[in-house]
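One structure is given here, and the rest of the page talks about it.
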Amino acid sequence: MATLCRPSVSVPEHVITMEETLELARRRHTDHPQLPLALRLIENTGVRTRHIVQPIEQTLEHPGFEDRNKVYEREAKSRVPAVIQRALDDAELLTTDIDVIIYVSCTGFMMPSLTAWLINEMGFDSTTRQIPIAQLGCAAGGAAINRAHDFCTAYPEANALIVACEFCSLCYQPTDIGVGSLLSNGLFGDGIAAAVVRGRGGTGVRLERNGSYLIPKTEEWIMYDVKATG
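The working numbering applies: residue 13 is where the sequence shown begins, and numbers increase by one.
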């Protein structure tokens with residue numbers, strides 16, 4: 013039976029508090045007709061602090077999609093390997109023991125995926141399978157566990173590495189002032205997580221079965237409105 017081993021988690025060093033978020037919203041959207049509602053929604057999230065990859069002053073500048081995507085790639089390459097190494101250590105495995113890397117992210121774009129760079133940089137075997145998942149948003153972590161479980165069910169001696177890297181602050185759009193966007197700006201932060209699913213052995217959560225269910229007609233509940241700025 014497959015086992016989900018202890019995850020490794022890392023967040024960036026730059027921090028913004030709830031109070032700072034609310035004050036920024038008041039200052040930048042003074043005339044917004046639904047500002048009181050947005051402030052109340054942000055406060056009710058209960059998210060006291062968030063970590064971001066850049067100081068908030070840089071985050072608010074928005075130099076353009078190209079520059080932001082360069083930040084995504086730079087920060088991912090700088091931060092992800094250490095998180096992976098801790099996950100491997102917790103699972104008592106080496107890079108050469110991994111058969112598939114499942115990488116989930118929807119806040120930046122790389123082609124080839126970061127998985128190719130990781131295989132070369134960290135010494136994973138060249139035959140390691142790669143499964144980048146880019147368009148499942150908040151559900152991607154759960155989907156990654158499902159795919160890792162599927163893989164280890166099909167190949168019982170295999171080991172799957174899951175990596176999630178999201179820099180939500182790089183998706184900030186100064187001109188998008190819808191209530192939903194204001195709420196997102198006060199809810200999401202940046203972070204990286206990694207975990208190993210072992211087909212045999214290991215300590216952690218036993219995975220017996222998995223599944224997926226899409227509530228009909230809910231695509232618009234959380235979605236990207238992609239524009240020239242990102």
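Don't be surprised by glycine CBs; every beta carbon is placed ideally from N, CA and C.
*Which of helix, strand or coil DSSP assigns to Leu100*: helix
*In chain order, what residues of the same chain have a beta carbon less than 7 Å from the beta carbon of Pro168, not counting five sequence neighbours either side?*
Gly211 and Arg212
*What first and last residue would you give for the beta strand (DSSP E) that runs through Leu199?*
That residue, Leu199, is in no beta strand (DSSP E); its alpha helix (DSSP H) goes Val191 to Leu199.
*Which of helix, strand or coil DSSP assigns to Leu219*: strand
*To the nearest angstrom, how far is it from the Cα of Gln66 to the Cα of His26?*
6 Å
*asked:* Between Gln70, Thr57 and Ile174, which has its C-alpha nearest Asp111's C-alpha?
replied: Ile174
_I want to know whether the region 26–45 touches the region 112–123 - three or more CB-CB distances under 8 Å._
no
*Boundaries (first-last residue) of the alpha helix (DSSP H) holding Gly203*: Gly203 -> not in any alpha helix (DSSP H); beta strand (DSSP E) instead, spanning Asp202 to Arg210.
_Distance between beta carbons of Ala160 and Cys118, contact taken as under 8 Å_ = Not quite, the Cβ-Cβ distance comes to about 18 Å (not below 8 Å), so this is no contact.
*Check each candidate in Leu148, Asn158 and Ile113 and name the one with the smallest Cα separation from Arg141.*
Ile113
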